[in-house]
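Following: one structure in structure tokens, then a few remarks.
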Amino acid sequence: MPKSLNSLMKHLRESGIAICGSTQKRRLKNIGYYHGYKGYRFAGKASNKLPLTNFSQIAALYDFDTQLKSLLYPRVMQIETALKNYTLEAVLYDSCSESFEDIWRKSLTDYRSHKGAAYSRAWEKRLRLRGEIDGLIFRNHKNRDVIGHFRDADKDIPIWAIFEVMTLGNFGSFYDCLNKRVKTSIVNDLGMPTNLESERRLRDIIYALKDLRNAVAHNGVILDVRFRTSSINTGVAQLLKQELGVAGIDFADITDYIVLITYLMRQIRLTKTECKQFISGYETILESIHAELPFNIYSKIIKTDARRKLRAARYFLSRDR
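First residue of the sequence shown: 1, per the working numbering; consecutive thereafter.
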């Protein structure tokens, strides 16, 4: 049987967390026990408990997480749209067609660059992509006009319409299956370096963004990067060190995602002012949470080198043309 709000407050007190009064009771009701306390009592994994002693600390963590999502959501969506558009342009040029069938034959041919077991894996990956695309069309043909219009006209669905309904995960699979000619065109357009296998690094970046984007869009907890579903290739850290001069990136801290997004904002030609405002927004949020939490809680979420990384990113912006 679900606990009443008073019972939940009693349970919190029995767990060593001070909570009392109508204001904190109302705040617990607004945050929610399961999404609030349950979600913010640990950092990263359930075994890494935070030394919480007061409900105000839980409320501060909740506010911190909410502010992060408000800061990140528009930028992540902006980058997702831009990356899809850069890719769409390169694919249309390479295939000389907007027909998915033509693109499938001419541009989604990465598997041909492999041999042996790698060829088989790439071939299977391409086949899974086909299943993903067919699934997208099936799920969206009734409730999305951008798909239904072409179905009703008995016409091939153009690639741009498919891109409209793609998730970032679908897009990552699509990019991964493109031939190197198209990938190179995309990274060149983005101004990424030629000496760090940027074609592969962009794939890794897309998948890293996918996890963050899903967590932000579905109101998951993001402050401790628990949304990360797999390790991120160390080549991305090498890229950011070379391009921005930011060392120590390992994506175990939300600050590293701030640095990555700052880099991508610049690569899609957003202004230095916009990038600096993004960093300033994060710094303001950090200052607020640092003032509200004791160090033994704050340090479990934000690494001590966060400000160094942000200074390095600012320096990159000051010297970038």
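Cβ coordinates follow ideal geometry from the N, Cα and C atoms, glycine included.
| message | Can you tell me which residues form a DSSP beta bridge with Ala18? | response | Asn54
| message | I need the DSSP call for Ser288, collapsed to helix, strand or coil. | response | helix
| query | According to DSSP, is Met1 helix, strand or coil? | reply | Any reading at Met1 is ruled out, since the residue's pLDDT is 45, under 50, leaving its predicted position unreliable.
| So what's Phe251 in DSSP terms, helix, strand or just coil? | coil
| field | Rounded C-alpha distance that separates Arg307 from Ala208 | value | 22 Å
| So which of Asp253, Leu260, Ser231, Leu223 has the shortest CA-CA distance to Lys241? | Leu260
| Residues near Lys29 by beta carbon distance below 8 Å, same chain, minus five either side | Leu5
| query | Exposed or buried, which one is Glu14 when buried takes at least 16 other CB atoms within 10 Å? | reply | exposed
| said: By the three-class DSSP mapping on this structure, what secondary structure does Asp63 have? | reply: helix
| field | Backbone CA spacing between Lys25 and Met192 [nearest angstrom] | value | 51 Å
| Roughly how many angstroms separate the alpha carbons of Ile103 and Arg130, rounded to a whole number? | 12 Å
| request: State the beta-bridge partners of Ser99 as determined by DSSP. | output: Pro158
| said: Pairs of beta-carbons, one from the region 297-307 and one from the region 245-260, closer than 8 Å: are there three or more? | reply: yes
| said: Considering just the uninterrupted stretch of the alpha helix (DSSP H) at Arg319, what are its terminal residues? | reply: 306-319
| With burial defined as no fewer than 16 other Cβ atoms inside 10 Å of the residue's Cβ, what is the status of Arg203: buried or exposed? | buried
| Using the C-alpha atoms, what's the distance from Asn195 back to Leu239? | 9 Å
| message | Pop quiz: Gly248 and Asp305 are said to be a contact at Cβ under 8 Å. What is the actual Cβ separation, rounded to whole angstroms? | response | 6 Å
| field | Under the three-state DSSP convention, the category Lys49 falls into | value | strand
| task | In angstroms with no decimal places, state the Cα-to-Cα distance between Ile147 and Ile162. | result | 8 Å
| field | Span separating the alpha-carbon of Leu310 from that of Gly135 | value | 41 Å
| query | What are the boundary residues of the alpha helix (DSSP H) that includes Arg151? | reply | 145-152
| Delimiting residues of the alpha helix (DSSP H) encompassing Asn140 | 116-140
| Should Cys275 be labelled buried (16 or more other beta-carbon atoms within 10 Å of its own) or exposed? | buried
| request: Leaving out five residues on either side along the sequence, give the residues of the same chain with a beta carbon under 7 Å from the beta carbon of Leu293. | output: Gln57, Ala60
| How big is the Cα-Cα spacing for Val91 and Ala46? | 44 Å
| request: State whether the region 151-171 contacts the region 98-117, with contact taken as three or more CB pairs (one from each stretch) at a distance under 8 Å. | output: yes
| query | Which word fits Glu199, buried or exposed, when buried means at least 16 other C-beta atoms lie within 10 angstroms of its C-beta? | reply | buried
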